[in-house]
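First residue of the sequence shown: 6, per the working numbering; consecutive thereafter.
By construction, the Cβ of each residue, glycine as well, lies at the ideal position given by its N, Cα and C atoms.
Everything numeric in this text was worked out from a predicted model, so none of it was measured.
The structure under discussion appears below in the form of structure tokens.
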Amino acid sequence: MSLNAAREKFRHFLTRKGLRVTNQRLAIFDTAYAQREHFTAEQLLDHARKVDDSVSRATVYRTLPIMTESALLREVDIGTGEKFYLPNVGGSTTQVAQVVCLDCDKIFEISAPFMEWYGSTVSSKLGLTPVSQRLQVSAHCNAFRETGHCPRRG
């Protein structure tokens, strides 16, 4: 999905929800979609204020769930008490697995198309329909274990 198409989807979603399309929300959207790595709400706030210094913390925290609900962002919870986000630039609903490096705290996402099949298979055996699922692997960095330095930490 192109940036313009994603921006239009965001505008339409806000309108459908009865929410105003504001400069702050658009600055948050633009900033989120410019990110290529996972980010936190606070990191987004810092970057968004460089685009529009009137962006408030409250607006960031209210906008992130809207962007997640509209499937423009993916939310990742790695169990640290802090949520991470990544733009869903492909607009795809393809299942992904997260691999979290315990040494550098980097989150990697890999395509995992088998997850849809697996979730449907195990759920149907119990007479259930899957609503959501996730696969998350915690791992240690081999380079860090060998050299004491993680090339991804930074």
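At what residues does the beta strand (DSSP E) containing residue i begin and finish?
{"i": "Val104", "result": "101-106"}
{"i": "Ala76", "result": "Premise fails: Ala76 is in no beta strand (DSSP E) and is neither H nor E."}
{"i": "Ser128", "result": "Unbroken run through Ser128 is the alpha helix (DSSP H), 119-130; no beta strand (DSSP E)."}
{"i": "Glu114", "result": "112-116"}
{"i": "Val142", "result": "140-144"}
{"i": "Pro92", "result": "88-92"}
Can you give the beta carbon distance from residue i to residue j, rounded, assuming they're within the 8 Å contact cut?
{"i": "Val81", "j": "Gln103", "result": "6 Å"}
{"i": "Leu50", "j": "Arg67", "result": "Not confirmed; about 12 Å, so no contact."}
{"i": "His43", "j": "Phe89", "result": "4 Å"}
Going by Cα to Cα distance, which pick from the options is closest to residue i?
{"i": "Phe119", "options": "Met6, Gln100, Lys111, Ala144", "result": "Gln100"}
{"i": "Arg139", "options": "Thr152, Tyr123, Phe149", "result": "Tyr123"}
{"i": "Ala46", "options": "Pro92, His145, Arg21", "result": "Pro92"}
{"i": "Ala201", "options": "Arg67, Ala76, Tyr66", "result": "Here the chain comprises residues numbered 6 to 159, so residue 201 is not present and cannot be evaluated."}
{"i": "Asp35", "options": "Gly23, Glu13, Thr20", "result": "Glu13"}
{"i": "Ile115", "options": "Gly23, Val142, Phe149", "result": "Val142"}
{"i": "Ser7", "options": "Leu19, Tyr38, His17", "result": "Tyr38"}
{"i": "Arg157", "options": "Ile112, Ser125, Ser137", "result": "Ile112"}
{"i": "Leu78", "options": "Thr134, Ser59, Gln40, Asn147", "result": "Gln40"}
{"i": "Ser137", "options": "Ser125, Ile83, Asn147", "result": "Ser125"}
{"i": "Ile184", "options": "Ala144, Arg150, Glu121", "result": "No statement about residue 184 is possible, as the shown extent of the chain runs from 6 to 159 and does not include it."}
{"i": "Thr64", "options": "Thr152, Thr85, Val26", "result": "Val26"}
If you follow the alpha helix (DSSP H) that residue i is in, where does it begin and where does it stop?
{"i": "Arg150", "result": "147-152"}
Notebook entry, point to check: Just checking, does the stretch 98-112 make contact with the stretch 53-64 on the three C-beta pairs under 8 Å criterion?
Noted result: By the C-beta criterion, the stretch 98-112 is judged not to be in contact with the stretch 53-64, since fewer than 3 inter-stretch pairs fall below 8 Å.
Next item on the list: Could you tell me whether the stretch 22-32 touches the stretch 56-71, using the rule of 3 or more Cβ pairs below 8 Å?
Entry: Enough Cβ pairs lie closer than 8 Å, so yes.
Next item on the list: Could I get the ranges of all uninterrupted alpha helix (DSSP H) runs contained in the stretch 22-82, with 4 residues as the minimum, in chain order?
Entry: Those alpha helix (DSSP H) runs which fall completely within the stretch 22-82 and span 4+ residues are 28-39, 46-56, 62-74.
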